[in-house]
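Protein sequences, first through last, are from chains A and B. In terms of our numbering, the first sequence opens at residue 1 and continues consecutively. In terms of our numbering, the second sequence opens at residue 117 and continues consecutively. Beta carbons are placed, not taken as given, at the ideal position from N, Cα and C, and that holds for glycine. For reference, the structure is listed below as structure tokens.
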Amino acid sequence: AQTVTQSQPEMSVQEAETVTLSCTYDTSESNYYLFWYKQPPSRQMILVIRQEAYKQQNATENRFSVNFQKAAKSFSLKISDSQLGDTAMYFCAFMKRAGNTGKLIFGQGTTLQVKP
Amino acid sequence: GAVVSQHPSRVICKSGTSVKIECRSLDFQATTMFWYRQFPKQSLMLMATSNEGSKATYEQGVEKDKFLINHASLTLSTLTVTSAHPEDSSFYICSARLLTSGLTGELFFGEGSRLTVL
Numbered sequence: 001a002q003t004v005t006q007s008q009p010e011m012s013v014q015e016a017e018t019v020t021l022s023c024t025y026d027t028s029e030s031n032y033y034l035f036w037y038k039q040p041p042s043r044q045m046i047l048v049i050r051q052e053a054y055k056q057q058n059a060t061e062n063r064f065s066v067n068f069q070k071a072a073k074s075f076s077l078k079i080s081d082s083q084l085g086d087t088a089m090y091f092c093a094f095m096k097r098a099g100n101t102g103k104l105i106f107g108q109g110t111t112l113q114v115k116p
Numbered sequence: 117g118a119v120v121s122q123h124p125s126r127v128i129c130k131s132g133t134s135v136k137i138e139c140r141s142l143d144f145q146a147t148t149m150f151w152y153r154q155f156p157k158q159s160l161m162l163m164a165t166s167n168e169g170s171k172a173t174y175e176q177g178v179e180k181d182k183f184l185i186n187h188a189s190l191t192l193s194t195l196t197v198t199s200a201h202p203e204d205s206s207f208y209i210c211s212a213r214l215l216t217s218g219l220t221g222e223l224f225f226g227e228g229s230r231l232t233v234l
């Protein structure tokens with residue numbers, strides 16, 4: 001069975017600074033997807049960034065980038081130039097490709113507060 | 117991007133009544149939809165996988181008779197909480213999968229439905 005662990009329940013960062021959210025996972029699969037989702041106070045889940053396990057290059061989306069360490073099973077999210085609108089709960093998630101089930105396994109979440 | 121809509125966004129009901137929550141994919145066909153439950157400040161727990169035209173697959177520990185799922189068309193899945201009790205109060209979220217999601221893994225989420233059982 002796969003597990004996803006986010007060890008930081010809460011974090012805070014000053015506006016315009018950089019923050020890194022940690023995520024580790026456990027799986028015996030070799031081919032899978034990893035995701036970071038954002039859940040703002042509106043509760044709408046928003047995809048922040050996606051990484052395919054077979055790609056060595058770290059994914060980036062504007063101010064968001066990941067540090068994907070496959071051997072260490074680590075998938076951290078870096079938010080640069082933090083903005084007030086980044087305040088949200090962030091979930092790391094895993095999806096295996098085998099079987100193509102589409103099932104997402106979520107971590108516990110990290111609540112990020114961006115301070116003015 | 118693809119849009120998934122849930123209705124109602126908030127519902128309050130009396131204990132013992134049944135409540136239906138709808139999940140619609142507005143601009144695409146979804147062969148598979150997923151239902152999650154989320155308690156305050158906690159993670160999303162997958163309840164069941166809903167496939168169009170077939171019975172839903174429930175996760176271990178989820179009562180099939182309590183949470184009835186129907187996926188009658190490629191754009192609509194419904195979750196019915198039967199004989200609701202206060203412990204069923206929660207935030208319920210659906211997600212939908214594009215036919216091409218096997219290539220990208222991406223799912224699209226509804227806005228969620230907050231159920232309060234008095």
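In angstroms, rounded to a whole number, what distance separates the CA positions of residue i and residue j?
i, j, result
"residue 76 of chain A", "residue 82 of chain A", "16 angstroms"
"residue 173 of chain B", "residue 182 of chain B", "14 angstroms"
"residue 95 of chain A", "residue 30 of chain A", "11 angstroms"
"residue 212 of chain B", "residue 223 of chain B", "6 angstroms"
"residue 66 of chain A", "residue 57 of chain A", "10 angstroms"
"residue 60 of chain A", "residue 131 of chain B", "47 angstroms"
"residue 7 of chain A", "residue 22 of chain A", "7 angstroms"
"residue 197 of chain B", "residue 91 of chain A", "26 angstroms"
"residue 55 of chain A", "residue 2 of chain A", "20 angstroms"
"residue 28 of chain A", "residue 157 of chain B", "29 angstroms"
"residue 179 of chain B", "residue 164 of chain B", "10 angstroms"
"residue 204 of chain B", "residue 42 of chain A", "21 angstroms"
Return the chain-ordered list of same chain residues with a C-beta closer than 6 angstroms to the C-beta of residue i, the five sequence neighbours on each side being excluded.
i, result
"residue 17 of chain A", "82"
"residue 166 of chain B", "149, 172, 185, 187, 193"
"residue 111 of chain A", "10, 89"
"residue 20 of chain A", "76, 78"
"residue 14 of chain A", "115"
"residue 97 of chain A", "31, 32"
"residue 141 of chain B", "120, 191, 212"
"residue 40 of chain A", "88"
What span of residues does the beta strand (DSSP E) with residue i cover, start to end?
i, result
"residue 139 of chain B", "135–141"
"residue 96 of chain A", "88–96"
"residue 167 of chain B", "160–167"
"residue 154 of chain B", "146–154"
"residue 223 of chain B", "223–225"
"residue 115 of chain A", "110–115"
"residue 214 of chain B", "206–214"
"residue 26 of chain A", "24–26"
"residue 51 of chain A", "46–52"
"residue 19 of chain A", "19–21"
Under three-state DSSP, which class holds residue i?
i, result
"residue 1 of chain A", "coil"
"residue 62 of chain A", "coil"
"residue 181 of chain B", "coil"
"residue 231 of chain B", "strand"
"residue 195 of chain B", "strand"
"residue 31 of chain A", "coil"
To which residues of the same chain is residue i closer than 8 angstroms at the C-beta, ignoring the five residues directly before and after it?
i, result
"residue 129 of chain B", "135, 200, 231, 232, 233, 234"
"residue 139 of chain B", "120, 121, 122, 149, 151, 192, 193, 194, 195, 210, 212, 226"
"residue 93 of chain A", "4, 34, 35, 36, 37, 104, 105, 106, 107"
"residue 160 of chain B", "152, 153, 154, 209"
For residue i, collect the residues of the same chain with a Cβ closer than 7 angstroms to its Cβ; drop the 5 residues on either side in sequence, then sort them by chain order.
i, result
"residue 80 of chain A", "18, 63"
"residue 168 of chain B", "147, 187, 189, 190"
- Message: Check whether the stretch 103–116 of chain A and the stretch 118–130 of chain B are in contact - that is, three or more C-beta pairs closer than 8 angstroms.
- Response: no
- Within the chosen definition, does the stretch 143–159 of chain B reach the stretch 184–197 of chain B through at least 3 CB pairs nearer than 8 angstroms? yes
- For the stretch 79–99 of chain A against the stretch 133–143 of chain B, are there 3 or more C-beta pairs whose distance is under 8 angstroms? no
- Between the stretch 47–57 of chain A and the stretch 28–36 of chain A, do three or more beta carbon pairs fall short of 8 angstroms? yes
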